[in-house]
Each structure stands twice: as structure tokens, then as C-alpha cells.
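Novice: When we follow the numbering used here, the leftmost residue of the sequence shown carries the number 1096, and every step to the right adds one. Each residue gets a CB set at the ideal place from its N, CA and C atoms; glycine is no exception. My questions will all concern the structure given below.
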Amino acid sequence: FNAIIAPRPIGWISTLDGNGRANLAPFSYFNIVSNLPPILMFSCNEPEDRAVKDTAANASAAGEFVFNLVSYDLVEKMNYTSTPVPVDVDEFEHFEIEKAPCKLVAAPRVVASPCSLECKVIKVLNFGGGERGPMTTVTFGEVIGMHIAAGFLINGKFDTAKALPVSRLGGAEYAVCEKTFQLERQFSRANEATYGDA
């Protein structure tokens, strides 16, 4: 199933716990939900050793989180942060990943990421559990702030090809966006205002 629904963008999510400790973890169950308003989501399954993953718990309690884009040069660091560590361990410090403060949320961002999005939690859904497998927590966030590294904004648009974002496939397979192409959009009157002149 994972290999069919692919490639999937990786949500490298940073949060703060109630004691002010930072957490950083990758999620391939991640995507954009809406452009206007700008909403994205990430989901995670119930871990074996506690009721909910630290990232989901922190985001829900604090009402905020940060998405950090995983570029190809960050893929090893990203993979390190998927390692299970004790709840009181700051992944930024443990894996030597430089962090910086955000402007509108308390959680830090990954300095080396081409783009980080500050988000406020707008909804949390839980489903599954019991005979249907582990409980799944889906967290929705509205983007309220954005950090784009120098050189990645070209004529007001983010240069995706230059960022080389990494995506998840099936199993241990990953992919990187190295080639892009364009198609003429087939606009209707209903979506014309959203996307601009056809």
C-alpha cells in the first residue's frame, strides 16, 4: 500500500514539549490539504511504548508545530531523527542539527532546511485502534509563518527543483525531485480566481 501511494512528501516536524524541550521527527504520512487557507496535515500511528507519539502529543498540547522541508543534503540527518529516543532527548542536540527560533510559534526550526512553515493546530482526529490496528492520530495545521532560505525564492515562487526535496516510497526506498516539467492547466471558471489568469 505504501509503495502504491507514492511518492509522499516528508513532513519533518519540530515541536516543543511542556518542559521546553525540542522534538524533531519525520513523517511520510504528510501532505497539503488546502491552499486557501494554507492547511497541511501529518499523521502517525500509536507507538508500542506510549499512547501517542511525542510529536503528536506536543503539537496537540502546545497547539503548534513547524514543518521543515527535507532537501537531499539533509536526508541523513532526517533519517537519524527517526531513531526512537527517550522522551526527554532533544533530537536537535542529540543529532547535532542546528535550530533557530521561529517568529510566531515557540517550536524551533531546522536552520539548514530550504523552507520551514510555522503552523497552528486547527484540528486533531483519532481513528482505528483495537482490532483495526494501532490508533492513528491526524494533526491538521494552518500555516501562519514561513521561512525561505536565500536563493530559493525566484520571482516570487519557491524553486522546488533547486531544493531537491526528498520523498518517501515503499519500505526503505526514497526518491528525490531532480527533474520537473510543466503542463498547461485546464482551468474552469470555478477555480480561475484561485490560480490566476488562464
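#1: Using a Cβ-based criterion (distance less than 6 Å to any ligand heavy atom), does S1177 qualify as near the ligand NAP?
#2: In whole angstroms, what separates the C-alpha of V1170 from that of E1213?
#3: Under 8 Å, with one C-beta from each stretch per pair, do the segment 1171-1187 and the segment 1218-1225 reach the 3-pair mark?
#4: Hey, which unbroken runs of the beta strand (DSSP E) at 3 residues or more fall wholly within the segment 1137-1189?
#5: Quick one: what's got a C-beta closer than 6 Å to L1199's C-beta in the same chain, skipping five residues either side?
#6: Should the segment 1150-1157 be called in touch with the segment 1244-1257, which here means at least 3 C-beta pairs below 8 Å?
#7: Can you tell me whether K1274 is buried or exposed? The criterion is at least 16 other CB atoms within 10 Å of its CB, across all chains shown.
#8: Only counting the same chain, and skipping five residues up and downstream in sequence, which positions put a Cβ closer than 7 Å to that of V1147?
#9: Within this structure, are the beta carbons of A1207 and S1109 separated by less than 7 Å?
#10: Given a cut-off of 7 Å on the beta-carbon distance, is the pair N1133 and L1264 in contact?
#11: Strictly by DSSP, which residues pair up with Y1269?
#12: Determine the closest residue to N1126 out of L1119, A1117, A1245, M1136, with distance taken between C-alpha atoms.
#13: The beta strand (DSSP E) that contains K1218, what's its start and end?
#14: Output the distance between the C-alpha atoms of S1129 and H1189, rounded to the nearest integer angstrom.
#15: Roughly how many angstroms separate the alpha carbons of A1256 and A1244, rounded to a whole number?
#16: So if DSSP puts L1096 in a beta bridge, which residue, or which two residues, is it bridged to?
#17: Considering only the alpha carbon of each residue, which of R1280, E1279, Q1281, A1258 lies closest to C1272?
#18: Which residues does DSSP pair with L1135 in a beta bridge?
#19: Going along the chain, which residues of its own chain have a beta-carbon closer than 6 Å to the beta-carbon of A1270, five neighbours each way excluded?
#20: Determine the closest residue to S1177 out of Q1277, S1123, I1100, with distance taken between C-alpha atoms.
Specialist: Working from what's here:
#1: Inclusion of the ligand NAP in the displayed structure is not the case, the ligand content being empty and no account of it being possible.
#2: 21 Å
#3: no
#4: 1159-1163
#5: E1213, I1239, G1240
#6: no
#7: exposed
#8: E1141, T1232
#9: no
#10: Residue identity differs from the one stated: residue 1133 is Pro in this sequence, not Asn. Cβ distance not < 7 Å, so P1133 and L1264 don't count as in contact.
#11: R1263
#12: M1136
#13: 1210-1223
#14: 34 Å
#15: 14 Å
#16: The amino acid occupying residue 1096 in the given sequence is Phe; Leu does not appear at that position. F1096 pairs with nothing; no bridge assigned.
#17: Considering only alpha carbons, the answer is A1258.
#18: I1127, G1236
#19: P1102, S1262, L1264
#20: Cα-wise, what sits closest to S1177 is S1123.
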